[in-house]
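This report refers to the structure that appears directly beneath it.
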Amino acid sequence: MGLNLAQKIIKEHLVSGDMTAGSEISIRIDQTLTQDSTGTMAYLQFEAMGIDRVKTKKSVAYIDHNTIQSGFENADDHKYIQTVTKKHGIYFSRPGNGICHQVHLERFGVPGMTLLGSDSHTPTGGGLGMLAIGAGGLDVAVAMGGGAYYLMMPKVLRVNLTGKLNEWVAAKDIILEVLRKLSVKGGVGKVIEYAGEGVKTLTVPERATITNMGAELGATTSIFPSDEVTKEFLKAQGRENDFKPLTPDSDAIYDEEITIDLDKLVPLAAKPHSPDNVEEVSKIGKIKVDQVAIGSCTNSSYLDMMKVAKILKGKTVAPDVSLVIAPGSKQVLTMLAQNGALSDMVAAGARILESACGPCIGMGQSPKTDAVSLRTFNRNFEGRSGTVSAQVYLVSPEVAAASAITGVLTDPRELGEAPKISQPSEFLANDNMVSAPAEEGNDVEVVRGPNIKPFPVNTALKEKVEGKVLIKVEDNITTDHIMPSNAKLLPFRSNVPYLSEFCLTPCDPDFPKRAKENGGGYIVGGSNYGQGSSREHAALAPLYLGIKAVFAKSFARIHMANLVNSGILPLVFKVEADYDGISETDELVIENAISQIKAGNEITVKNITKGTEFVTILNVSDRQKEMLYAGGLINYTKNSNK
Ligand code: MIC
Ligand code: SF4
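Okay, here's the thing in structure tokens:
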């Protein structure tokens, strides 16, 4: 039986388990990446493991998220990351060098390798034919130390691309169409593998836009084959030697399949407040636009920026629109500066931001009250922009640039002939902003500022788990709800006690206070609880507040793994309707918790307040059960090393 691409790479990296979908496997990790907002925690955890040097083929630490230094905190964290990476064998991409996923694609990604990143958009590397997976910082720390990465063997869904995109239709429209078809839950437990004739019509950065936003499907990862187009890209990056052709076997089997006819696609937009709320731009109509933001790890490549520059050339941004542009990397920005495209953008009235995440994670450029903001980003969750009432639409760079000029949401096909940009035969490759680690790290002193606080560690699970329901929330709660991130909070990613004061506050401002007053308790959620970011702070802050279990209709993959890593029970209602039977402040008790978990995967919970009982499912591996008994991964690892 033939193997598909995902299975081939997994097979080559398999450490334990058999490749039956849904069963636990572990794989060897070749490369890791971290960024600064999850990286501080990941390196603190790496240090706690007591390993001297990383054991991966390449590990890179990027500084791209927390680049607004409105106080000493960000700068402290950056210094810590710079020194800790130098000591332990990790490359350090300095602030200004660009967004982790864009830079990694350009400079370090290698087809056929595995990449584990402490950021949910790590699958961007799938555009190069990597098996690139997002995870919590602790899992990445373990991988840096040479430990395998554990995951459920995914199913593989083939997206068959036929035909060729029409003018003004972009890679963004392809992934928006996939989201429209599959929804933000449609990729859970799956790898999305792209195949078919349409693949070769897409450049590597276009493929990367698609795999990047596969995170919004909840997928484990997304992947394209590595072919002649990949080879050309790597050659243009001066990295031809990294090329390796990779295709699925001709008789490969897939669990599911959908087809997208590229010829039929039109410009699309994801309307507020979900990436799968997709409609044709022409059908939404010419709504007035207040802000346009172009950039992020989804759409900040050289090709994207050149298209935008061509559309803006000789025009002026509409009077009521604020246009901000953040080119994705130093490479992109320098090339735009050298060929004059940057001056076309500036002349048109664009406000140029540094090559970083910026407005995507609410680090500046929050729109005005009730604003319509068009963004080429990947997430439009409510409040993520920093303005709760803002209406954020996710669009292609073409739609964004066209609308910035007209001042209303515009189908770019109205603008006439589309800009023709071809991939350069040579990118400007200069890694002078990537510092190599010290040959011998012993003498390097790790600098820790006062903002860096110890991270919370759980205690072993008790037979009797008791407490109150502290909050009950609806479906699709994101990690942006659980642990909001914005210009005020991102500087505190290495200070969980402070962050916990804001845990779940977008849903209920009193949650942290209530949690403290009750000495902890439970969270009750709907389906897809914890979708979005990989931030383990969405588990660490609840842990700090004494949360013992989260009950939900279903969980997002990375968040569920982060809960288990923190020793918090992720329990799924066996009967969804039991969600309705629980109210805030209900007293719940799990008797004989350890014995129940040992006996299987069904856990009975008593609702003392209502005098009822309901059954939940603990859908974890035996290894994860051990972690839960121990009170999380750190304790489990310590116990195993005894
Ligand atoms: C995001 O896009 O939400 C982030 C910020 O990049 C996160 C990581 C984080 O929370 O630091 C992600 O996607 O994992
Ligand atoms: Fe940065 Fe936004 Fe990409 Fe997250 S989604 S890595 S915040 S650019």
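Following the numbering used here, the numbering of the sequence shown begins with -18 at its first residue and continues without gaps. In this text, a Cβ means the ideal position worked out from N, Cα and C, and glycines have one as well.
Item checked: Assigned exposure category for residue 505 - 16 Cβ within 10 Å defines buried -> The residue you call residue 505 lines up with position 524 of the sequence shown. Burial call: buried.
Next item on the list: Keeping to the same chain, check which residues put their C-beta closer than 7 Å to that of residue 575; ignore five residues upstream and five downstream.
Entry: As a first step, residue 575 is located in the sequence shown; it is residue number 594 there, counting from the start. Result list for residue 575: 442, 444 and 610, in chain order.
Margin query: For the ligand MIC, is there any heavy atom lying closer than 6 Å to the beta carbon of residue 190?
Written below: As a position in the sequence shown, residue 190 is number 209, starting the count at 1. Residue 190 Cβ: outside cutoff for every heavy atom of the ligand MIC.
Margin query: Can you find the residues in the same chain that come closer than 7 Å, C-beta to C-beta, to residue 330, ignoring five residues on each side of it along the sequence?
Written below: To locate residue 330, count along the sequence shown from 1; it is residue 349. Around residue 330: 297, 298 and 304.
Next item on the list: Taking only heavy atoms of the ligand SF4 into account, decide whether any of them is closer than 6 Å to the Cβ of residue 120.
Entry: Residue mapping note: residue 120 aligns to position 139 of the sequence shown, counting from 1. Between the ligand SF4 and residue 120, a heavy atom-to-CB distance of less than 6 Å is absent.
Margin query: Whether or not the stretch 164 to 174 and the stretch 196 to 211 are in contact is what I'm after, with contact meaning three or more pairs of Cβ atoms, one per stretch, closer than 8 Å; do they touch?
Written below: Counting Cβ pairs under 8 Å, three or more are found: they touch.
Note to self: Does the distance between the C-beta of residue 100 and the nearest non-hydrogen atom of the ligand SAM fall short of 6 Å?
What the structure shows: In terms of ligand content, the structure shown lacks the ligand SAM and carries the ligand MIC and the ligand SF4 instead.
Next item on the list: Answer with buried or exposed for residue 53, where buried requires no fewer than 16 other C-beta atoms within 10 angstroms of its C-beta.
Entry: Within the sequence shown, numbered from 1, the residue matching residue 53 stands at position 72. Its Cβ having fewer than 16 others within 10 Å, residue 53 is exposed.
Notebook entry, point to check: Do residue 10 and residue 124 have their C-beta atoms within less than 7 Å of each other?
Noted result: Translated into the one-based positions of the sequence shown, residue 10 becomes position 29. Translated into the one-based positions of the sequence shown, residue 124 becomes position 143. The answer is yes: Cβ separation under 7 Å.
Next item on the list: Take residue 555 and list the residues in its own chain whose beta-carbon comes closer than 8 Å to its own, dropping the five residues that flank it on each side.
Entry: As a first step, residue 555 must be located in the sequence shown, where it is residue number 574. Hits under 8 Å: 583, 595, 596, 597 and 598.
Notebook entry, point to check: By Cβ distance, which residues of its chain are closer than 7 Å to residue 392, with the 5 residues on each side in sequence left out?
Noted result: Residue 392 sits at position 411 when you count from the first residue of the sequence shown. Counting only Cβ-Cβ distances below 7 Å, and skipping sequence neighbours, we find 248, 262 and 263.
Note to self: Quick test of your reading: residue 336 and residue 310, contact by CB under 8 Å. State the CB separation rounded to the nearest angstrom.
What the structure shows: By one-based count along the sequence shown, residue 336 stands at place 355. By one-based count along the sequence shown, residue 310 stands at place 329. Contact between residue 336 and residue 310 holds, with the beta-carbon distance rounding to 5 Å and staying under 8 Å.
Note to self: Pairs of beta-carbons, one from the stretch 105 to 113 and one from the stretch 134 to 151, closer than 8 Å: are there three or more?
What the structure shows: No: the two stretches stay apart, fewer than three of their Cβ pairs being nearer than 8 Å.
Next item on the list: Taking only heavy atoms of the ligand MIC into account, decide whether any of them is closer than 6 Å to the Cβ of residue 356.
Entry: Start at 1 with the first residue of the sequence shown, and residue 356 comes out as number 375. Not one heavy atom of the ligand MIC is found less than 6 Å from the C-beta of residue 356.
Margin query: Along the chain, where does the alpha helix (DSSP H) containing residue 197 start, and where does it finish?
Written below: The count along the sequence shown starts at 1 and reaches residue 197 at position 216. Premise fails: residue 197 is in no alpha helix (DSSP H) and is neither H nor E.
Item checked: Same chain only: Cβ atoms within 6 Å of residue 550, ignoring 5 sequence neighbours per side -> What you label residue 550 is simply residue 569 of the sequence shown in a count that begins at 1. If we look at residue 550 and ignore the five residues flanking it on each side, its Cβ neighbours are 530.
Next item on the list: In the DSSP assignment, find the unbroken beta strand (DSSP E) run with residue 115 in it and report its ends.
Entry: Working through the sequence shown from its first residue, we reach residue 115 at position 134. 112 to 115 is the extent of the beta strand (DSSP E) around residue 115.
Item checked: CA-to-CA distance, residue 21 to residue 61, given in whole angstroms -> Residue mapping note: residue 61 aligns to position 80 of the sequence shown, counting from 1. Residue mapping note: residue 21 aligns to position 40 of the sequence shown, counting from 1. The alpha-carbon separation between residue 61 and residue 21 amounts to approximately 8 Å.
Notebook entry, point to check: Alpha carbon to alpha carbon, what distance is there between residue 571 and residue 77?
Noted result: As a working note, residue 77 is residue 96 in the sequence shown. As a working note, residue 571 is residue 590 in the sequence shown. The alpha-carbon atoms of residue 77 and residue 571 are separated by roughly 50 Å.
Next item on the list: Have a look at residue 37 and residue 439 and give me their C-alpha separation to the nearest angstrom.
Entry: Here residue 37 corresponds to residue number 56 of the sequence shown, with the count starting at 1. Here residue 439 corresponds to residue number 458 of the sequence shown, with the count starting at 1. When rounded, the distance between both Cα atoms is 28 Å.
Next item on the list: Enumerate in chain order the residues of its own chain whose CB-to-CB distance from residue 294 is below 6 Å, with the five nearest sequence positions on each side excluded.
Entry: Locating residue 294 in the sequence shown gives position 313, where the first residue counts as 1. Result list for residue 294: 325, in chain order.
Notebook entry, point to check: The alpha helix (DSSP H) spanning residue 262 covers which residue range?
Noted result: Working through the sequence shown from its first residue, we reach residue 262 at position 281. Residues 262 to 265.
Check: Beta carbon of residue 626: closer than 6 Å to some heavy atom of the ligand SF4?
Finding: With the chain covering only -18 through 623, there is no way to say anything about residue 626.
Note to self: Distance cutoff 7 Å, beta carbons only. Does residue 588 sit that close to anything in chain C?
What the structure shows: Looking at the structure shown, chain C is missing, and only one protein chain is on hand.
Notebook entry, point to check: Going straight from the alpha carbon of residue 313 to that of residue 286, what length do you get?
Noted result: On the sequence shown, position 332 is the one that residue 313 refers to. On the sequence shown, position 305 is the one that residue 286 refers to. Distance between the alpha carbons of residue 313 and residue 286 is about 8 Å.
Notebook entry, point to check: Can you list, in chain order, the residues of its chain whose CB lies under 7 Å from that of residue 273, leaving out five sequence neighbours each side?
Noted result: Looking up residue 273 in the sequence shown gives position 292. These residues qualify, in order along the chain: 302, 304, 355, 381, 384 and 385.
Check: Quick one: what does DSSP say residue 281 is sitting in, helix, strand or coil?
Finding: As a first step, residue 281 must be located in the sequence shown, where it is residue number 300. Reduced to three states, the DSSP call for residue 281 is coil.
Next item on the list: Measure the Cβ-Cβ separation of residue 450 and residue 559 and say whether it is below 7 Å.
Entry: By 1-based counting over the sequence shown, the position of residue 450 is 469. By 1-based counting over the sequence shown, the position of residue 559 is 578. No. Outside cutoff.
Check: For residue 18, is the beta carbon positioned less than 6 Å from some heavy atom of the ligand MIC?
Finding: By 1-based counting over the sequence shown, the position of residue 18 is 37. Result yes, Cβ under 6 Å from the ligand MIC.
Next item on the list: Return the chain-ordered ranges of every alpha helix (DSSP H) run that is complete within the stretch 389 to 472 and spans a minimum of 4 residues.
Entry: The qualifying runs are 460 to 463.
Note to self: Between the stretch 81 to 101 and the stretch 404 to 420, can you find at least three pairs of beta-carbon atoms closer than 8 Å?
What the structure shows: yes
Next item on the list: Look at residue 422 and residue 59 and say whether their C-beta atoms are less than 7 Å apart.
Entry: Looking up residue 422 in the sequence shown gives position 441. Looking up residue 59 in the sequence shown gives position 78. No, the Cβ-Cβ distance between residue 422 and residue 59 is not below 7 Å.
Next item on the list: Return the residue from the list 404, 187 and 472 that minimises the CA-CA distance to residue 434.
Entry: Numbered from its first residue, the sequence shown carries residue 434 at position 453. Answer by Cα proximity: 472.
Notebook entry, point to check: Tell me which same chain residues have a C-beta within less than 7 Å of the C-beta of residue 268, skipping the five on either side of it?
Noted result: Here the question's residue 268 lines up with position 287 in the sequence shown. Result list for residue 268: 353, 389 and 390, in chain order.
Next item on the list: Drop a sphere of 10 angstroms on the beta-carbon of residue 553, count the other beta-carbons inside from all chains shown, and report buried for 16 or more, exposed for fewer.
Entry: In the sequence shown, counting from the first residue as 1, residue 553 sits at position 572. Buried.
Note to self: Can you find the residues in the same chain that come closer than 8 Å, C-beta to C-beta, to residue 217, ignoring five residues on each side of it along the sequence?
What the structure shows: On the sequence shown, residue 217 is found 236 positions in, with the first residue counted as 1. The answer, listed in chain order, is 404, 405, 406, 407 and 408.
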